[in-house]
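Novice:
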Amino acid sequence: MIKLETKTMTKAIERARAIRPRVRVHSADHRQYGVTGSQGNEYTVFFVVVNGHRLASCDCPAGRREQLCYHIAAAAQVNVMVQSMRKAAATRNEARGGREALIRSINATWQRKYPTESLADELMRRFKCNSLSFLATGWLRDILIAIA
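Mapping of the sequence shown onto the numbering used here: position 7 corresponds to residue 7, and the numbering continues sequentially without gaps.
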């Protein structure tokens, strides 16, 4: 495995920019990428983080000698973007789950406190919409606090 450090990647990054190899995602979960070599063949690049150290491997001739190659530099950029998108999606999914929990709590609290009043009618009167799903998460928190 090759330790990735900014100071040692400069030449590999420059070469990757000049060659502009094609990078394909083989497995975002396993951080595995295919990178087209200068002769058109594809090399496999893996990334891993161990004890805070970013490591990579490539099955090209230079990578097998544990030298930093442009395949790793090219795939590293794609890996950063892919992992950033995965993290953002996970955050959105987590927030969505929290939002759904807020809506469930509001509905349960409303039914318990105001069993004869329609929540949809009250929402229409106050917010000009008849569903909690149309409201921002901040408004949902405020509503739950207000009716709790």
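For every residue, glycine included, the Cβ atom is placed at its ideal position computed from N, Cα and C.
Because the structure is a prediction, the values reported are computed rather than measured.
Give every residue of the same chain whose Cβ lies closer than 7 Å to the Cβ of Ala74, excluding the five residues on either side of it in the sequence, and list them in chain order.
Specialist: Cβ within range, chain order: Ala16, Pro21, Val23 and Val35.
Novice: Could you pull out every residue in the same chain whose Cβ sits closer than 7 Å to the Cβ of Ala62, ignoring the five residues on either side in sequence?
Specialist: Cys69
Novice: Can you tell me whether Gly138 is helix, strand or coil according to DSSP?
Specialist: helix
Novice: Under three-state DSSP, which class holds Leu55?
Specialist: strand
Novice: Quick check: does the Cβ of Lys11 come within less than 8 Å of any heavy atom belonging to the ligand NAD?
Specialist: By its list of ligands, the structure shown contains no ligand whatsoever, and the ligand NAD lies outside what it can speak to.
Novice: Which of the three DSSP states is assigned to Gln32 in this structure?
Specialist: strand
Novice: State the start and end residues of the unbroken alpha helix (DSSP H) segment that holds Glu156.
Specialist: Residue 156 is absent from the structure shown; the chain starts at 1 and stops at 148.
Novice: Does DSSP put Tyr114 in a helix, a strand or coil?
Specialist: The DSSP-derived three-state label of Tyr114 is coil.
Novice: Can you tell me where the alpha helix (DSSP H) with Glu14 in it begins and where it stops?
Specialist: For Glu14, the enclosing alpha helix (DSSP H) starts and ends at Thr6 to Ile19.
Novice: Throw me the rounded Cβ distance for the Leu119 and Trp110 pair, which I believe falls under 8 Å.
Specialist: 5 Å
Novice: Starting from the Cα of Ala12, find the closest Cα among Gln67, Ile143 and Arg112 and give me that residue.
Specialist: Gln67
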